[in-house]
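Inspection log for the structure reproduced underneath, given as structure tokens.
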Amino acid sequence: MTDYSHIYYRIILLVTMSLASTKAIAQKSSQLVRLAIIEVDTAHLDVYNEFLKEEIEASIKKEPGVITLYGVAEKENPERVTLFETYADSSEYKSHLATPHFQKYKQGTLQMVKHLELQETQPILYIRKPDLAKAPAHNLFIRLIKMEIDSKEIDNFKRLAQSVMLPGLQKEPGVLVMYAVASKKEPTSVSILEVYADSAAYKSHLNTLHFLKYKKESEKMIKSLTMIDVKPIALGSKPQERGKR
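Right under this line is the structure:
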């Protein structure tokens, strides 16, 4: 009688691997990603920033489900604050809202926030280098980019970001964070947070082959682009798992 045990074992192994892969994809797609766009009363900027910085640091340290809280303020208009938020899933987000550190921030800044807009988003590209954790904040070169993409080119833009920019960015030591997200309500609206080790790293990035290719190919896809110089309030994130995008 023929022994098919080795074939059976291989089938079981392949099925198990397939299920594990599917689970990993499901876990990733379940992430809650959004932008918080905040306008702060200029009379309370310093106090507000301290509240936000304390809340970000506590959330990253104490909550496994909080993946990123990148808080930045515009240099020319420091009352305009943008927060890139990533949670493992919606339940982790709900748990976050009930924590003492979030409630302290929420109640403490209630009268300081003039406007709050929460945008549900879909990630296009995310990379975070380990050097971010030890990079001196005063050396960082950070930009917030707002784009409007041609509605017919959204899928092409996403493919370009993944196939051209991501592999190139992974090889650039001076690129510490690149986070691109699209609004779920208006998918043509894209926001990108760029964090470089310093201005020299940014200038070097502009001359890389992958950026030049991206710039050339994306020109027809982008209807408008605004670059905003920003400064960090707090750049909180968990170390990115190797191989995760």
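For the sequence shown, UniProt numbering begins at 1 and goes up steadily by one. In this text, a Cβ means the ideal position worked out from N, Cα and C, and glycines have one as well. Please read all numbers here as calculations on a predicted model, not as lab measurements.
Nearest to ARG80 by alpha-carbon distance, out of LEU193, ALA137, LEU209 and GLY71, is GLY71. For ILE233, same chain residues with a beta-carbon under 8 Å away, outside a window of 5 residues either side, are ASN49, LEU52, LYS53, ILE56, GLY71, VAL72, ALA73 and VAL81 in chain order.
Rounded to the nearest whole angstrom, the CA to CA distance from THR121 to ALA200 is 31 Å. Distance from the Cα of TYR87 is smallest, within the candidate group GLY108, SER59 and HIS101, for SER59.
For the pair ASP198 and SER204, the Cα-to-Cα distance works out to about 10 Å. Counted as a single uninterrupted DSSP element, the alpha helix (DSSP H) harbouring ALA200 occupies residues 199-206. Taken in chain order, the whole beta strand (DSSP E) runs of length 3 or more contained in the stretch 59-141 are 66-74, 80-87 and 113-128. Under the three-pair Cβ rule at 8 Å, the stretch 167-183 counts as touching the stretch 127-135.
Checking the DSSP bridge columns, you'll see MET147 partnered with VAL190 and LEU225. For SER218, the enclosing alpha helix (DSSP H) starts and ends at 209-218. Comparing alpha-carbon positions, the option among LEU169, SER189 and TYR126 lying closest to GLU153 turns out to be SER189. For LYS158, the enclosing alpha helix (DSSP H) covers residues 154-160. Beta-bridge annotation (DSSP): LEU35 is paired with PHE84 and GLN119. For the set SER224, TYR179, SER183 and LYS213, the Cα lying nearest the Cα of LEU235 is the one of TYR179. In the DSSP assignment, VAL175 falls within the unbroken beta strand (DSSP E) covering 175-183. In chain order, ARG128, PRO130 and ALA133 place their CB closer than 8 Å to the CB of PRO239, counting only its own chain and leaving out the 5 sequence neighbours on each side.
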